[in-house]
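Each remark here refers to the structure printed beneath this line.
There are 2 protein chains.
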Amino acid sequence: MGTKQVSGLSAAEQADLSRADSLAREIFSDVANKWAFLIIETLGDGVLRFSELRQQVGGISHKMLTQNLRMLERNGLVERTVYPTVPPKVEYRLTEPGQGLRATVDTMCAWTHKYITDIESARQAFDS
Amino acid sequence: MGTKQVSGLSAAEQADLSRADSLAREIFSDVANKWAFLIIETLGDGVLRFSELRQQVGGISHKMLTQNLRMLERNGLVERTVYPTVPPKVEYRLTEPGQGLRATVDTMCAWTHKYITDIESARQAFDS
DNA sequence: CAGCATCCCCCAAGATACTG
DNA sequence: CAGTATCTTGGGGGATGCTG
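Taken in sequence, the protein lines are chains F and P. Here the UniProt record's numbering is used: the first residue of the first sequence is 1, the next is one more, and so on. Here the UniProt record's numbering is used: the first residue of the second sequence is 1, the next is one more, and so on.
Structure below.
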């Protein structure tokens, strides 16, 4: 992920690499944020409407949820289905890439559970 | 991770759960950010000085790096070693919990590589 | 109900400079 | 070299109101 130089490649290949690298970085910047993670975790393998999602994520503003959903949709991680009824109904679900990322988020959740007591005591030690 | 109610527990157990839950959330808020991830990935299983780290992460300001390192140290994910020489020398390395999280970040990097072309085309489709 | 636009405020984060 | 403090600004993010 870092901007390391790989030798034995043509200039074009180097360029491709650094382009892929900067794209990877962009993706990181988009996706590696707490709301995205919480949304992905909340969606799981289910289907939720905007308001359900908002409620289940908890503590997220209308605007932030919209922004993050757009971002996730743009990156092809969530699929948005609009039912042209009145009142409107919009459903969100994870795509296959989204499910892939969900696996990562799951491991992070597992990690949190595993180390939560360590972290808590580390914090107490640090805060004194 | 969500704030789901679990029945069959005493009030105290419920309280413990929600306390653990809010702590987990705090940890998420701290750690699920792009700089933290990039720092963890950059550190890997090595040992780096402040300035080396800054250079290798790339694009991070002095201040942001300091803040994130303090945060990671507070949560017990990185260990900070100060050599009382002049000029000072400070080394950072991941702790065991930090290595655990690094595994997660690694899977995210793998995920990025796997889906980078899908994401790129999803973006192009979306942006038109 | 979901989304967008507008307004507005405050804090995140950069720049700079000083200490040990 | 690493860290802290101060100052300043842009934009993140909340609140509100309007539309389909």
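Glycine included, each C-beta is placed from N, C-alpha and C at the ideal position.
Within the same chain, show all residues whose beta-carbon is closer than 8 Å to that of Ile27 (chain P), passing over the 5 residues directly before and after it, in chain order. Asn75
Could you tell me the boundaries of the alpha helix (DSSP H) in which Val90 (chain P) lies? Segment Lys89 to Leu94 is the beta strand (DSSP E) holding Val90 (chain P); no alpha helix (DSSP H) there.
Do the CB positions of Phe126 (chain P) and Val90 (chain P) come within less than 7 Å of each other? no
Rounded C-alpha distance that separates Leu69 (chain F) from Ala12 (chain F): Inter-residue distance for Leu69 (chain F) and Ala12 (chain F) is about 35 Å (C-alpha atoms, whole angstroms).
Quick check: Gly98 (chain P) and Leu65 (chain P), are their CB atoms within less than 7 Å of each other? The answer is no: Cβ separation not under 7 Å.
From the beta carbon of Asp118 (chain F), is the nearest beta carbon of chain P less than 7 Å away? Output row for Asp118 (chain F): interface = yes.
Would you say the stretch 106-113 of chain F touches the stretch 81-90 of chain P, given that touching needs at least three Cβ pairs under 8 Å? no
Between the alpha carbons of Ile39 (chain F) and Leu53 (chain F), how many angstroms are there, rounded? 8 Å
Looking at the unbroken beta strand (DSSP E) that takes in Val57 (chain F), where does it start and where does it end? Here Val57 (chain F) belongs to no beta strand (DSSP E); instead the alpha helix (DSSP H) covers Phe50 to Val57.
Alpha carbon to alpha carbon, how far is Leu43 (chain P) from Leu94 (chain P)? 7 Å
Can a CB atom of chain P be found closer than 7 Å to the CB of Lys34 (chain F)? yes
By Cβ distance below 6 Å, which residues in the same chain neighbour Phe37 (chain F) in space, the five residues on each side in sequence not counted? Taking Phe37 (chain F) as the centre and dropping the five residues before and after it, the same chain places the C-beta of Val105 closer than 6 Å to its C-beta, in chain order.
Quick one: measure Cβ to Cβ for Trp111 (chain P) and Leu101 (chain F), integer angstroms, because I've assumed they're closer than 8 Å. 6 Å
What are the boundary residues of the alpha helix (DSSP H) that Thr42 (chain P) is part of? Taken as a continuous stretch (DSSP letters only), the alpha helix (DSSP H) holding Thr42 (chain P) covers Lys34 to Leu43.
Less than 7 Å between CB atoms is the rule here; does Asn68 (chain P) satisfy it with respect to chain F? no
Between Ile116 (chain P) and Ala20 (chain F), which are expected to be in contact by the criterion C-beta below 8 Å, what is the C-beta distance as a whole number of angstroms? 6 Å
So is the beta-carbon of Leu101 (chain F) under 6 Å away from any non-hydrogen atom of the ligand SAM? Among the ligands in the structure shown, none appear at all, so the ligand SAM cannot be discussed.
CB contact check: Thr112 (chain F) to chain P, cutoff 7 Å: yes
Val105 (chain F), DSSP secondary structure in three states: Helix.
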